[in-house]
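In this text, residue positions in the sequence shown follow the working numbering: the first is 570, and each later residue adds one. Notes for the one structure printed next.
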Amino acid sequence: MKQLEQAICSGAGQDCRYKLGNDSGLEWVLACRFGKGLVALELWFQKFGFNEPLETSFDWQRSVAEFRNAVNGFIGRLPRYNFWR
C-alpha cells in the first residue's frame, strides 16, 4: 500500500487490481483507481468458499491527502518485526 500511495502522490494514474488469498482458499480482489484527484478503492470478496461469486462490501473514495493519511495511519499501527535477527 505504501508503494501505491507513493505512486499516487507523485501523480501517476492508477487502474490496478490486487488478487489476495488465504490458506483456506478464499479470495479477495482489491481494485484501485486514481484520477481527477480522487483515489477509489473497492474490495471484492468470497464469503464462504470456492466457486462463489465475488461480492463488494467496501467502497472507498477520498482525496489523495486522505489516502496518504490512511495508509500512513495503517502502517503506524502495524507491529514492528526485526527480520534481521
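Backbone N, C-alpha and C fix where the C-beta goes; we use that ideal spot for every residue, glycine too.
| said: Rounding to the nearest angstrom, what Cα-Cα distance links Lys605 and Gln615 in this structure? | reply: Here residue 605 corresponds to residue number 36 of the sequence shown, with the count starting at 1. Here residue 615 corresponds to residue number 46 of the sequence shown, with the count starting at 1. If you take the alpha carbons of Lys605 and Gln615, they lie about 31 Å apart.
| field | Leu610 - containing beta strand (DSSP E), residue span | value | Along the sequence shown, read from residue 1 onward, the residue named residue 610 stands at position 41. Segment Leu607 to Phe614, the beta strand (DSSP E) holding Leu610.
| With DSSP run on the structure shown, which of helix, strand or coil describes Ala581? | The residue you call residue 581 lines up with position 12 of the sequence shown. Ala581 falls in the coil class under three-state DSSP.
| Environment of Cys585 [buried if 16+ CB atoms lie within 10 Å] | Counting from one through the sequence shown, the residue named residue 585 turns up at place 16. Exposed.
| request: Compute the distance between the beta-carbons of Ala634 and Trp613, then report whether it is under 8 Å. | output: Here residue 634 refers to the residue found at position 65 when the sequence shown is read from its first residue. Here residue 613 refers to the residue found at position 44 when the sequence shown is read from its first residue. No, they are not a contact pair.
| request: Starting from the C-beta of Leu610, find all residues in its chain whose C-beta is less than 6 Å away, skip the five residues before and the five after it, and write them out in chain order. | output: Taking the first residue of the sequence shown as position 1, residue 610 is located at position 41. Cβ within range, chain order: Cys601 and Trp629.
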